[in-house]
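Chemist:
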Amino acid sequence: MSRESLVDHARALDCIHCGLCLTTCPTYQLTGSETSSPRGRIHLMRAVAEGRAEPDATFEDEMNFCLVCRHCESVCPAGVEFGAMMEFSRGALLERRPPGPLARLARWVGFRGILVRRAGLRLAAMGLRAVQLLRLDVITSPLLGLRGQIFRNLPRVPSARERRPLPPVTEAEGPARGTVLVLDGCVMPELFGRVNRAMTDVLAATGREVRSVPKHVCCGALHAHNGELNQAEDLARLTIAQFEEVDGSAPVVIDSAGCGAHMKEYGRLLANDPEWRGRASAFAARVVDLTEELASPEATARLQERLGDGHGIEGPVTWDDPCHLCHGQGVREQPRQLLDLVPGLERVEMPGADSCCGSAGIYTVLRPEDSLEVLDPKLESLESTGAKTLVTANPGCHQQWQIGVGKTGKGVEVLHLAEVLERALKPR
Amino acid sequence: MGSDGKQLSRRHLAELERIVGKKGVRADPTARSAYESDAFMLQRASAEVIVLPRTTAEAAAAIKVLREAGLVVVPRGAGTGLSGGARPVENGAIVGTARMRDVLEVNAEDRYARVQAGVVNVHLTAACADAGLFYGPDPSSQTACTIGGNVGNNSGGPHGFKYGSTNRHVLGLTMVDSSGEVIQLGGPGAAGDGDLDLLGPVVGSEGMLGLVTEVTVQLLPRPEKVETLLCLFESLDACCDAVSEMIARRLEPSAIEILDRLTIEAVEASVLRAGYPDNAEAVMLVEVEGGDEEVDATSADVIEVARAFGAFDTRRTTDPVERKRLWAGRKGAFGAMGRIAPDLYVADVVAPRTRLREIVSAATVACRERNLKLANVFHAGDGNLHPNISYDRRDADEVRRVLEAGRIIMEACVAAGGSLTGEHGIGLEKQDEMCLVFSDDDLEAMDQLRAAFDPDAFWNPGKMLPVRGCREIHTRPLPVHSPAAEGAS
Ligand SMILES: Cc1cc2nc3c(=O)[nH]c(=O)nc-3n(C[C@H](O)[C@H](O)[C@H](O)COP(=O)(O)OP(=O)(O)OC[C@H]3O[C@@H](n4cnc5c(N)ncnc54)[C@H](O)[C@@H]3O)c2cc1C
Ligand code: SF4
Ligand code: SF4
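Those protein sequence lines, which keep their order, are chains A and B.
Quick note: the first sequence uses this note's numbering, first residue 1, plus one each step.
Quick note: the second sequence uses this note's numbering, first residue 1, plus one each step.
(1) Nearest by alpha-carbon distance to R302 (chain A): which of A:G174, A:D321, A:A198, A:V182 is it?
(2) For ligand 2, is there any heavy atom lying closer than 6 Å to the beta carbon of C21 (chain A)?
(3) Am I right that A347 (chain B) and H386 (chain B) are in contact with their C-beta atoms under 8 Å? What's the rounded C-beta distance?
(4) Hey, how far is the Cα of G207 (chain B) from the Cα of E423 (chain B)?
(5) Assess contact between the segment 15 to 28 of chain A and the segment 54 to 71 of chain A, defined as three or more Cβ pairs (one per stretch) separated by less than 8 Å. Is contact present?
(6) Sort B:V182, B:V414, B:V402, B:G200 by Cα distance to A57 (chain B) and report the nearest one.
(7) In angstroms, rounded to a whole number, what distance separates the CA positions of G5 (chain B) and S46 (chain B)?
(8) When the cut-off is 7 Å and only beta carbons count, does L372 (chain A) lie next to chain B?
(9) Could you check how far apart the C-beta atoms of V65 (chain B) and G92 (chain B) are, in whole angstroms? I think they sit under 8 Å.
(10) If you follow the alpha helix (DSSP H) that Q334 (chain A) is in, where does it begin and where does it stop?
(11) Given that V340 (chain A) touches chain B, what residues does it touch there, using C-beta distances under 7 Å?
(12) Using a Cβ-Cβ cutoff of less than 7 Å, which residues in the same chain neighbour K463 (chain B) once the five nearest sequence positions on both sides are dropped?
(13) Hey, is L379 (chain A)'s beta-carbon within less than 7 Å of any beta-carbon in chain E?
(14) What is the rounded straight-line gap between the Cα of T364 (chain B) and the Cα of A282 (chain B)?
(15) Measuring CB to CB, does R286 (chain A) end up less than 7 Å from V252 (chain A)?
(16) I'd like the span of the beta strand (DSSP E) that includes M284 (chain B), first residue to last.
(17) Return no unless some Cβ of chain A is closer than 7 Å to the Cβ of P342 (chain B).
(18) Within 6 Å: the Cβ of S140 (chain B) and any heavy atom of ligand 1?
(19) At a cut-off of 6 Å, would you count F82 (chain A) as near ligand 3, judging by its Cβ distance to the nearest heavy atom?
(20) Please state the DSSP three-state secondary structure of A488 (chain B).
(21) Below 7 Å between beta carbons: does that hold for S140 (chain B) and G425 (chain B)?
(22) Below 7 Å between beta carbons is the criterion; list the residues of the segment 266 to 280 of chain B that meet it against any residue of chain A, in chain order.
(23) Scan the segment 95 to 120 of chain B for residues whose Cβ lies nearer than 9 Å to a Cβ of chain A and list them as they occur along the chain.
(24) Short of 7 Å in beta carbon distance, which residues of its chain neighbour L235 (chain A), apart from the five on each side in sequence? Order them along the chain.
(25) In this structure, how does DSSP classify W459 (chain B) when only helix, strand and coil are distinguished?
(26) What's the call for E227 (chain B), buried or exposed, on a 16-neighbour Cβ count within 10 Å?
(27) Which residue wins for smallest C-alpha separation from P395 (chain A), given the options A:L421, A:G411, A:T35, A:T364?
(28) Using three-state DSSP, classify W319 (chain A) as helix, strand or coil.
(29) Taking all protein chains shown into account, decide if L338 (chain A) is buried (16 or more other Cβ within 10 angstroms of its Cβ) or exposed.
(30) With 16 other CB atoms within 10 Å as the buried threshold, where does A12 (chain A) fall?
(31) Under 6 Å, CB to any heavy atom of ligand 3. Which residues pass, going along the chain?
(32) So what's M1 (chain A) in DSSP terms, helix, strand or just coil?
(33) For S482 (chain B), decide whether its Cβ has a neighbour in chain A, counting only Cβ atoms nearer than 7 Å.
(34) Locate the alpha helix (DSSP H) running through N376 (chain B), then write down its first and last residues.
(35) Listed from N- to C-terminal order along the chain, which residues in the segment 26 to 38 of chain B have their beta-carbon within a distance smaller than 9 Å of any beta-carbon of chain A?
(36) Starting from the beta carbon of E54 (chain A), find every residue of chain B whose beta carbon is closer than 7 Å, and list them in chain order.
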């Protein structure tokens with residue numbers, strides 16, 4: 001394949017090399033190396049495309065070292081679309097230099113066997129639950145080194161009851177405000193089914209009729225971030241079709257920031273497909289994060305009537321911005337406003353709340369050492385706030401924080417924002 | 001492009017890794033290539049090795065090894081410099097301070113801070129905020145640039161109008177010299193202790209006298225009240241004239257900035273959208289600080305002058321969020337220009353503040369004649385102009401025209417009694433133009449000063465001072481040398 005096709009050359013030209021993005025980048029923070037900074041990575045992409053550098057092992061490693069947290073995009077005055085460029089580079093690298101047989105098998109099982117099939121996901125969850133019930137994770141974790149530390153602190157897979165899918169329809173409470181569609185998600189129902197249910201309950205409490213899309217499994221975000229672009233495109237088409245089948249115009253509400261950020265970009269993902277381009281953009285425009293939906297004046301008014309103080313959540317709480325919510329979707333104020341609605345809950349700001357926790361999709365598994373090193377300063381920062389509860393809105397971050405809090409042994413509870421609101425709902 | 005001439009021997013490499021740790025050395029060509037330029041993109045070269053020490057001691061030990069290996073050294077902070085100062089040189093290593101980012105001491109009582117050279121400018125201000133203090137120099141790149149780099153370039157910022165550049169704030173330095181020895185200059189209480197003042201020459205020396213590893217700076221108390229004013233003009237000329245009048249009337253705001261229409265459009269299209277109105281040809285951003293009454297009086301005077309010169313709308317705000325937004329737009333202005341073309345040439349010249357309008361027109365004409373896109377954004381308060389020319393470095397002819405226009409602008413400033421650089425340094429970009437201002441004798445004296453610190457040209461050789469003699473460079477007689485105009489503050 002040609003060098004130009006290895007990177008998104010046109011996008012790379014947007015960068016004027018000003019360096020304003022350096023300090024925000026977690027991998028630059030970690031290493032102090034400009035090669036591991038956004039500007040450095042863009043330089044590498046451009047140099048490779050222009051034949052001034054080789055797409056060698058260093059190049060590949062720097063591309064994979066990136067967490068695709070997109071913090072650099074939030075501060076880049078030139079509007080560089082870094083996330084899109086990185087997906088492109090990773091995709092091209094995969095094609096150019098496929099990984100070894102073992103890694104290929106693992107990718108195949110992960111991306112094609114498990115993530116996209118409900119049965120596969122269920123099987124994996126059951127397997128993990130069995131391991132956890134038998135405490136095999138504790139026994140085997142020393143053998144696995146760092147990955148073991150992560151393995152041991154993975155969230156407990158809940159019982160099958162909790163893992164049941166969302167009902168197709170949940171009735172609105174009180175005066176109805178129309179329908180919304182929600183995403184069950186791939187990993188969410190298996191590990192965080194309770195979060196999905198909390199989202200549904202809270203939406204219903206604000207007068208929304210909530211419909212799920214039972215056929216749907218995966219939006220393809222993890223595929224795209226890891227360079228499996230063809231599959232990501234297929235999954236986008238499938239997602240759009242399946243959601244449209246249930247309802248062609250209702251807002252699509254997402255409680256997983258990574259999925260939301262990706263689905264909002266379906267238009268770009270399918271831009272080269274003349275048949276789907278328009279449809280994808282129209283669909284993307286319907287996607288909102290749960291916090292955007294709930295922060296609307298109508299929903300907030302309803303929440304204010306329903307939220308009470310018998311919630312038992314230990315304060316102070318602090319909000320940790322998921323990267324794909326604040327940098328990916330520009331949503332920063334809404335979650336804070338929502339937490340402030342809960343009576344009797346003190347909220348404190350965490351320094352560096354908008355920097356990456358190191359979860360980054362499957363990064364925790366691919367690069368456990370880097371992932372935990374990125375998390376370390378966040379843990380210090382959490383401790384400095386004295387918060388007793390940490391609130392997030394993305395399954396990857398949720399899990400990463402559980403791993404981190406588990407590691408430090410400090411009893412901080414990690415909750416999804418939907419769970420906080422649901423616990424604070426007064427019975428009607 | 002640089003050469004890969006001298007290979008660092010395995011032994012030296014191992015020695016460096018032992019000193020700074022494996023993660024502190026980047027030696028393979030792909031990794032090194034990320035350092036081939038700073039924010040001045042017109043010239044690139046490759047470094048033989050990148051070394052990132054964590055402490056003064058590590059830096060000193062690494063310098064000894066590099067010297068023994070026969071390399072020379074280019075100090076580097078965040079590489080946000082706009083004149084090529086931190087670009088690698090032939091046969092040279094980069095020693096970067098990106099892992100030296102500890103604030104070592106904040107002394108609220110005596111109002112000073114001691115920091116490692118790699119501390120990012122805004123992190124210093126954040127570290128002393130609780131004590132009600134702040135650090136004065138605020139380059140627009142302050143979210144990324146380092147205190148060491150600020151020392152290197154004697155950087156200023158919008159508030160340089162009131163607070164001056166870095167040289168007015170540095171109390172002491174720890175440096176590694178070319179033999180790898182650690183030397184101390186000045187210190188928190190050193191002012192006026194009778195020693196030879198060596199801080200002066202080091203601040204602004206662009207990495208040519210040694211590697212700064214720690215810096216002691218004075219801190220300032222936060223003003224009681226801060227107000228930001230936005231004045232909108234229908235013409236850039238009128239806006240420039242209003243500034244000249246404010247200066248003539250001796251008004252003392254802490255910052256006066258001007259952005260022209262193209263810049264406003266770029267900023268408004270970026271993530272740093274500041275809410276600058278789109279119906280203005282020029283925006284003047286003014287900040288006034290001090291006690292309540294003082295601020296009210298000065299703001300009223302500023303607005304009166306602006307109105308008299310045709311400002312069609314003025315706004316004032318003391319709301320911190322709103323102020324931050326207005327400034328974020330200004331500070332992101334260079335970057336936002338990236339939307340206009342792939343590359344940006346940021347000129348940096350100083351004009352006498354009574355002749356702003358004249359220099360701006362000279363720049364406009366020079367660019368128009370060469371079919372180049374020009375945007376103006378500048379620290380009008382201290383006469384520091386930044387005509388920004390967009391280009392695409394892949395177009396060789398355009399690059400030539402950009403450099404030509406840049407030179408014409410510099411010449412116009414020098415002829416008007418201004419200077420070659422306000423705050424971005426000479427670096428590689430303006431070496432030849434040094435001869436517009438200085439005679440061979442002047443340059444010889446500078447070289448002797450350099451040699452007193454660094455007899456073997458070990459530090460950042462080939463920067464700032466012209467490599468060729470001025471006689472070779474001159475194509476026209478020297479304008480009158482006006483030392484008073486050197487420096488922006
Ligand atoms: C968007 C943008 C806006 C800017 N706005 C301003 C502005 O408003 N005002 C302003 O003055 N500048 C501005 N600059 C220029 C630049 O940011 C400053 O010159 C800054 O001080 C450079 O800091 P740095 O850490 O990036 O240093 P570098 O670029 O890495 O180095 C600058 C020079 O200092 C030397 N140096 C660096 N560290 C050391 C050290 N530890 N010891 C000895 N020498 C050292 C280098 O060799 C080089 O010559 C801007 C740049 C950009 C990209
Ligand atoms: S901030 Fe944007 S333009 Fe500047 S170096 Fe980073 S990516 Fe490039
Ligand atoms: S996406 Fe995150 S990790 Fe990757 S370059 Fe940008 S800031 Fe760094």
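Built from N, CA and C at the ideal position, the CB exists for glycine as well.
Here the structure is a predicted model, which means the values were calculated and not measured.
Modeler: In terms of the structure at hand:
(1) A:G174
(2) yes
(3) Rounded, the Cβ-Cβ distance is 6 Å, consistent with contact.
(4) 15 Å
(5) yes
(6) B:V182
(7) Residue confidence for G5 (chain B) is low, a pLDDT of 43 falling below 50, so the modelled location carries little weight; the figure read from the coordinates is stated next. Each residue's Cα considered, the two are about 10 Å apart.
(8) No, because no Cβ of chain B sits closer than 7 Å to the Cβ of L372 (chain A).
(9) Not quite, the Cβ-Cβ distance comes to about 14 Å (not below 8 Å), so this is no contact.
(10) Its alpha helix (DSSP H) spans residues 333 to 341.
(11) The residue asked about is misnamed: residue 340 (chain A) is Asp in this sequence, not Val. Against D340 (chain A), chain B offers no close residue; the least beta-carbon distance is about 17 Å (beta-carbon pairs closer than 7 Å).
(12) G85, E206, M208, G427, L428
(13) The question asks about chain E, but that chain is absent: this structure's protein chains are A and B.
(14) 14 Å
(15) yes
(16) 282 to 290
(17) yes
(18) yes
(19) yes
(20) Any answer about A488 (chain B) is weak, because its pLDDT of 35 lies below 50 and its placement is not dependable; what the coordinates show is given next. If DSSP states are grouped into helix, strand and coil, A488 (chain B) belongs with coil.
(21) no
(22) S270, V271, L272
(23) G96, T97, A98, R99, M100, R101, G118, V120
(24) V116, C218, C219, G220, H223
(25) strand
(26) buried
(27) A:T364
(28) strand
(29) buried
(30) buried
(31) A:T24, A:C25, A:P26, A:T27, A:P38, A:R41, A:C66, A:L67, A:V68, A:C69, A:R70, A:H71, A:C72, A:F82
(32) Note that M1 (chain A) scores 41 on pLDDT, short of 50, meaning its location in the model is unreliable; the coordinates nonetheless yield the value given after this. Taken through DSSP and simplified to helix, strand or coil, M1 (chain A) comes out as coil.
(33) Interpretation of S482 (chain B) is limited by its pLDDT of 38, a score under 50 that renders its predicted location unreliable; the figure taken from the coordinates is listed afterwards. By this cut-off, S482 (chain B) is not an interface position.
(34) Looking at the DSSP string, N376 (chain B) is not in any alpha helix (DSSP H); the run it does join, the beta strand (DSSP E), is 373 to 379.
(35) R26, D28, P29, T30, A31, R32, S33, A34, Y35, E36, S37, D38
(36) Those within 7 Å of E54 (chain A) in chain B are T30.
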